[in-house]
Amino acid sequence: MKFTVLTLFPEITNAYFASSIMAKALEKGIIQYRAVNIRDFALDKHKTCDDAPYGGGPGMLMLAEPLSRALKSIDTAGSSHVICLTPSGRLFTQKRAQELAVMEEIVLICGRYEGIDQRIIDTYVDEELSIGDYVLSSGEAAALAVVDAIYRLVDWVITPESLTEESFSGGLLEYPQYTRPEIFDTMKVPEVLLSGHHENIRCWRQKKRVEKTLAFRPELLERGLREGLFDAETVKLIEKVREDNERDKGD
Ligand code: SAM
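Residue numbering for the sequence shown is 94 to 344, as defined by the numbering used here.
Pasting the structure below:
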């Protein structure tokens with residue numbers, strides 16, 4: 094899997110690719126990375142990459158020409174998927190990360206200022222993605238969020254077991270976790286986790302997943318039920334947790 098990031102500030106993305114698990118994945122050759130500095134493709138002596146928008150309005154827009162030259166400079170052999178990061182894009186999800194994790198090359202365009210000229214999107218972009226319903230000042234943090242969610246799903250980056258019970262897997266959020274010490278500030282680790290009884294631990298964790306999802310992201314439970322994502326045990330658990338919540342409200 095290759096990530097190509099088009100940015101005006103490659104030092105931001107370079108730092109991420111040089112650290113931690115990502116650096117190891119690069120070293121092992123599982124992941125490849127290149128940054129393309131859009132400013133290198135501005136031809137005037139000031140290396141201009143932005144201008145005022147037609148029709149007026151605040152702020153500046155990234156110019157089409159340097160971006161177009163930067164995109165054309167990438168030798169992708171036609172197998173790349175070009176993503177533009179923008180708050181007006183489709184919401185990026187774990188499901189989309191899983192789909193994108195099988196791509197050969199992902200090209201990410203990081204916006205700045207008020208964004209980029211629409212003609213670049215119309216000509217080169219396969220997908221516009223937003224990482225959430227808020228506006229960042231630039232696309233680098235958004236591109237790195239997308240890269241981070243995708244690359245850890247690529248084979249051999251992390252152990253597959255780490256992915257099976259985490260948030261969003263199977264349509265639920267993750268259960269609470271504890272490590273040493275057993276008692277911290279008078280709070281004790283839940284007894285069941287110390288019991289060594291694997292089945293009881295599994296049931297407790299599944300119940301906690303349902304409780305947390307119902308409390309924080311009830312729409313995930315609704316969608317999971319609609320799409321038949323849950324096994325019979327989880328469906329029963331959802332009904333039970335809902336009933337318990339209703340009863341507690343009534344008390
Ligand atoms: N004028 C744009 C709008 O209202 O939709 C906002 C531009 S924002 C200040 C500058 C850049 O940050 C965008 O071009 C994009 O690359 C990035 N950005 C900001 N918020 C984002 C988000 N939620 N998801 C993805 N990219 C985002």
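Positions of the beta carbon are idealized from the N, C-alpha and C atoms, including for glycine.
Residue i: CB within 7 angstroms of a non-hydrogen atom of ligand 1
i, result
"THR179", "yes"
"TYR227", "yes"
"GLY204", "yes"
"GLU220", "no"
"ILE131", "no"
"ILE176", "no"
"ALA242", "no"
Proximity below 8 angstroms, CB of residue i to CB of residue j
i, j, result
"LEU201", "ILE243", "no"
"ILE167", "LEU222", "no"
"ILE105", "VAL247", "no"
"GLN187", "PHE110", "no"
"ARG316", "LEU265", "no"
"ILE209", "MET280", "no"
"VAL250", "ALA118", "yes"
Delimiting residues of the beta strand (DSSP E) encompassing residue i
i, result
"ARG95", "Note that residue 95 corresponds to Lys in the displayed sequence, not to Arg. Run containing LYS95: 95-100, per the beta strand (DSSP E) assignment."
"GLN270", "Where GLN270 is concerned, there is no enclosing beta strand (DSSP E), given that its DSSP letter is neither H nor E."
"THR252", "Counting along the chain, THR252 falls outside any beta strand (DSSP E), and DSSP gives it neither H nor E."
Beta bridge counterpart(s) of residue i as assigned by DSSP
i, result
"ASP143", "MET155"
"LYS281", "ILE276"
"ASN130", "THR100"
"SER223", "LEU184"
"ILE199", "PHE96 and HIS174"
Buried or exposed by the 16-neighbour rule on C-beta atoms within 10 Å, applied to residue i
i, result
"ARG131", "For the record, residue 131 in the displayed sequence is Ile; it is not Arg. Counting Cβ neighbours within 10 Å, ILE131 comes out buried, since at least 16 surround it."
"GLN299", "buried"
"ILE276", "exposed"
"PHE96", "buried"
"ILE114", "exposed"
Where the alpha helix (DSSP H) containing residue i begins and where it ends
i, result
"GLY232", "232-244"
"TYR217", "211-217"
"HIS291", "291-309"
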